[in-house]
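This report refers to the structure that appears directly beneath it.
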Amino acid sequence: MGNEGLYSDEKVCSSMKFEVVATKGKARAGVLTLPHGTVETPVFMPVGTLATVKAITQRELGELGAQIILNNAFHLYLRPGVEIVKAAGGVHRFQNWKRPILTDSGGFQVFSLAKLRKITDDGVHFQSPVDGSKHFFTPESVIELEEGLGPDIAMVLDDVVANPATHEQAALAMRRSVAWAQRAANYRSRDDQAVFGIVQGGLYEDLRIESAQSTVQIGFDGYAIGGLSVGEKPEEMYPMVDTCCRVLPAEKPRYLMGVGTPRDLREAVASGVDMFDCVLPTRLARHGVAVTEEGNLNLVNARHKTDFGPVDVHCECPTCREYSRAYLHHLIKCREILASRLLTYHNIHFYLSLMRSLRADIMAG
RNA sequence: GCACGGGUGGCCGAGUGGCUAAUGGCGUCAGACUGUAAAUCUGAUCUCUUCGGAGUACGGCGGUUCGAAUCCGUCCCCGUGCA
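The numbering of the first sequence is our numbering, which starts it at 1 and goes up by one.
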């Protein structure tokens, strides 16, 4: 049962399994089995930071075919607090989502909160962006938090630096991330929850290789590529993704965190990435932008005022089948909440369809 | 008819002699957004311009003043009260 680790002392999740079922070049199609169901990869995970994919319901997410969603442990720790989620019976019951859930640790939030934090080798001190209260996270306390929340996959606490960073800064954060990953691995206690390590190293190939090797040596159920799309150009990001995929073991899922644009997804899948998450489709939707094959369509623009055609003639989602650009433009101008809902539905549909077509292409050989 | 109050840029609304092409807000136009402190944020928004400026603007007309959205006269319009 479960995956056998490369190292005898490696802790694994006994109820997680990952199988690569087809490859095309470096791209892979796989099946990821988790406590709450199976996930066909490559997969896009809609972001539901606060236990909600903003603007749409869990029922709608199910209809869209979302296989796994992402929550954020850091945000759920602040509100409503782990005790309430526990009392509800865990993150799945709390939000009534029966399929798999991955929780991000909060490493990225600590990174983006900039002035409100202080990172030491021991952990990270930060002030709550909600009420200013002071908190301290360690690799151990974050694992404890995530084991309390109960997602299928937990991410370790990592140290993220903004690009561009110097080699020294990137190395420091990367080695700290490795040390923290080791502590998280030592501390984890649930064998029904997968834990993923995170590769760092900024835009330096040598650091990415070192990070991937060190993290793999610790042994995790899957491996994430972190610290990308934080200020660098796509042309700088893609080689890093490719390098990481080259070093990471083929038999474990690879997750590119926080990425990205449709182009980013295609490129990264081609390099061998299996999992993605990104706020773009949902955030752009709330900002009036529809993602299409032809690129982003800003429906707030006046040119759509009398355009009674659909957002995307090729799209089969209800938003495109039932409503016009002119109507969506009108809803956006009036700040009607339905605009956010319809566009979120469309954008998630676009992302999930894109991933399904990329998978089908790999399956076809 | 009389007495007060008021008429400011697409709208609302500050401003009561020069620092005012005129604070704000709304609207409008555009841009940004990649492990969500984000249904958010940023910029532009009188006209023309060789980007140095120039012109026209605070109900109309006239006046005072070196200088007026700001003071005076008069006319028009709106609100409230009294006849």
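We treat Cβ as the ideally placed atom computed from N, Cα and C, and that holds for glycine. All values reported here derive from a predicted model rather than from experimental measurement.
Close beta carbons around F108, own chain, < 6 Å, minus the five adjacent residues each side = Working through the first sequence from its first residue, we reach residue 108 at position 108. Correct list, in chain order: V160.
Could you please give the first and the last residue of the uninterrupted alpha helix (DSSP H) stretch that includes M237?
-> For the purposes of this step, residue 237 is identified with residue 237 of the first sequence, where counting begins at 1. Element bounds for M237: 234-247.
Residues in its own chain within less than 8 Å of T103 by CB, not counting five upstream and five downstream?
-> By one-based count along the first sequence, residue 103 stands at place 103. Hits under 8 Å: L70, N71, N72, A73, L76, V91, E146, L149, P151, I153, A154, M155.
Taking R254 and Y223 to be in contact with their CB atoms under 8 Å, please state how far apart those CB atoms are, rounded to whole angstroms.
-> Numbered from its first residue, the first sequence carries residue 254 at position 254. Numbered from its first residue, the first sequence carries residue 223 at position 223. Yes, R254 and Y223 are in contact; Cβ-Cβ is about 6 Å, under 8 Å.
Exposed or buried, M275, counting other C-beta atoms within 10 Å across all chains shown (16 or more means buried)?
-> As a first step, residue 275 is located in the first sequence; it is residue number 275 there, counting from the start. Its Cβ being crowded by 16 or more others within 10 Å, M275 is buried.
If we call anything under 7 Å between Cβ atoms a contact, is Q445 one with S214?
-> What is shown of the chain runs 1 to 365, which leaves residue 445 out entirely.
Hey, M240 and R208: beta-carbon distance below 7 Å or not?
-> As a first step, residue 240 must be located in the first sequence, where it is residue number 240. As a first step, residue 208 must be located in the first sequence, where it is residue number 208. In contact: M240 and R208 (Cβ atoms closer than 7 Å).
Around the C-beta of S340, are 16 or more other C-beta atoms found within 10 angstroms, so that it is buried, or is it exposed?
-> As a working mapping, residue 340 is identified with position 340 in the first sequence. Counting Cβ neighbours within 10 Å, S340 comes out buried, since at least 16 surround it.
CA-to-CA distance, S271 to L248, given in whole angstroms | As a first step, residue 248 must be located in the first sequence, where it is residue number 248. As a first step, residue 271 must be located in the first sequence, where it is residue number 271. Taking the straight line joining both Cα atoms gives about 12 Å.
Residue range of the beta strand (DSSP E) that Y223 falls in?
-> Along the first sequence, one-based indexing puts residue 223 at 223. Run containing Y223: 222-225, per the beta strand (DSSP E) assignment.
Can you tell me the Cβ-Cβ gap for F126 and V110, rounded? I've got them flagged as a contact below 8 Å.
-> In the first sequence, residue 126 corresponds to position 126, counting from 1. In the first sequence, residue 110 corresponds to position 110, counting from 1. Their Cβ separation, rounded to whole angstroms, is 6 Å, which keeps F126 and V110 in contact under 8 Å.
Apart from the five residues just before and just after L338, which ones in its own chain have a Cβ nearer than 6 Å to its Cβ?
-> To locate residue 338, count along the first sequence from 1; it is residue 338. For L338, where only same-chain residues beyond five positions count, the Cβ hits under 6 Å are L331.
Check whether the Cβ atoms of A162 and G202 lie closer than 7 Å to each other.
-> As a first step, residue 162 must be located in the first sequence, where it is residue number 162. As a first step, residue 202 must be located in the first sequence, where it is residue number 202. No, these two residues do not count as a Cβ contact at 7 Å.
M363 vs A194 beta-carbon contact at 7 Å = Mapped onto the first sequence, residue 363 falls at position 363. Mapped onto the first sequence, residue 194 falls at position 194. No; because the gap between Cβ atoms is not below 7 Å, this pair is not in contact.
Quick one: what's got a C-beta closer than 7 Å to T38's C-beta in the same chain, skipping five residues either side?
-> Residue numbering aside, residue 38 sits at position 38 when the first sequence is read from its first letter. Same-chain partners within the cutoff: V31, L32.
In whole angstroms, what is the alpha-carbon distance linking L78 and G25?
-> For the purposes of this step, residue 78 is taken as the residue at position 78 of the first sequence. For the purposes of this step, residue 25 is taken as the residue at position 25 of the first sequence. Distance between the alpha carbons of L78 and G25: 43 Å.
Terminal residues of the continuous beta strand (DSSP E) containing N186?
-> To locate residue 186, count along the first sequence from 1; it is residue 186. First-last for N186: 167-187, but that is the alpha helix (DSSP H), not the beta strand (DSSP E).
Can V130 and V279 be called in contact, C-beta distance under 7 Å?
-> For the purposes of this step, residue 130 is taken as residue 130 along the first sequence, with counting starting at 1. For the purposes of this step, residue 279 is taken as residue 279 along the first sequence, with counting starting at 1. Contact: no.
Pairwise C-alpha distance: G309 and S357 = Within the first sequence, numbered from 1, the residue matching residue 357 stands at position 357. Within the first sequence, numbered from 1, the residue matching residue 309 stands at position 309. One C-alpha to the other measures close to 25 Å.
Excluding the 5 residues preceding and the 5 following V269 in the sequence, name in chain order all residues of the same chain whose CB lies nearer than 7 Å to its CB.
-> Along the first sequence, read from residue 1 onward, the residue named residue 269 stands at position 269. So the qualifying residues of the chain are A27, P42, L358.
CA-CA distance, R59 and E168?
-> Residue mapping note: residue 59 aligns to position 59 of the first sequence, counting from 1. Residue mapping note: residue 168 aligns to position 168 of the first sequence, counting from 1. In a straight line, the C-alpha of R59 is about 47 Å away from that of E168.
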